[in-house]
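Data block below; observations after.
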Amino acid sequence: VISEFSGVTPSMLENVATRIEDIQIKLLSLIEENDIIVGHSLENDLKALRLVHNRIVDTSVVFRGSNGRKYSLRHLSNVLLQKQIQKGCGSSG
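For what it's worth, the numbering used here labels the leading residue of the sequence shown as 100, then goes sequentially.
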């Protein structure tokens, strides 16, 4: 498994021909300047995609423990949505 959170394995990527530029073009065709992007720890995703957007709601920033630490997406999903995700190997969310 490449990531315990995504569930992506190397064999899943063997025949993938999509390049990062293809993903950037698709996202930019969907996201407009005034759209609000909501996600968890988005800085990592946006950095990997080499994208900048000015209207972001990042749940890892909005929801913090009393000690200032981030809650995991797994924890937030369980507590706020009563939905278990990221169980075992692979993504089940």
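From the three backbone atoms N, C-alpha and C, an ideal C-beta is built for every residue, glycine too.
These numbers were taken from a predicted model, which means no experiment stands behind them.
Mind checking which residues open and close the alpha helix (DSSP H) that includes residue i?
i, result
"D144", "L141 to L148"
"V160", "T158 to V161"
"S171", "Run containing S171: none; DSSP gives neither H nor E here."
"L112", "Per DSSP, L112 belongs to no alpha helix (DSSP H) and is neither H nor E."
With respect to the beta strand (DSSP E) encompassing residue i, which residues constitute its N-terminal and C-terminal limits?
i, result
"V137", "I136 to G138"
Mind reading off the beta-carbon distance from residue i to residue j? Whole number of angstroms is fine, and I expect it under 8 angstroms.
i, j, result
"D157", "H139", "7 angstroms"
"L126", "L150", "7 angstroms"
"I122", "L148", "7 angstroms"
Taking its Cβ as the centre, do 16 or more other Cβ atoms sit within 10 Å of residue i, making it buried, or is it exposed?
i, result
"L141", "buried"
"Q183", "exposed"
"S191", "Only weak support exists for where S191 lies, its pLDDT of 43 falling under 50; the coordinates are left without a value."
"Q185", "buried"
Measuring alpha carbon to alpha carbon, tell me which residue in the options is nearest residue i.
i, options, result
"R154", "E120, S128, I136 and L129", "I136"
"N143", "S128, E132 and S159", "S159"
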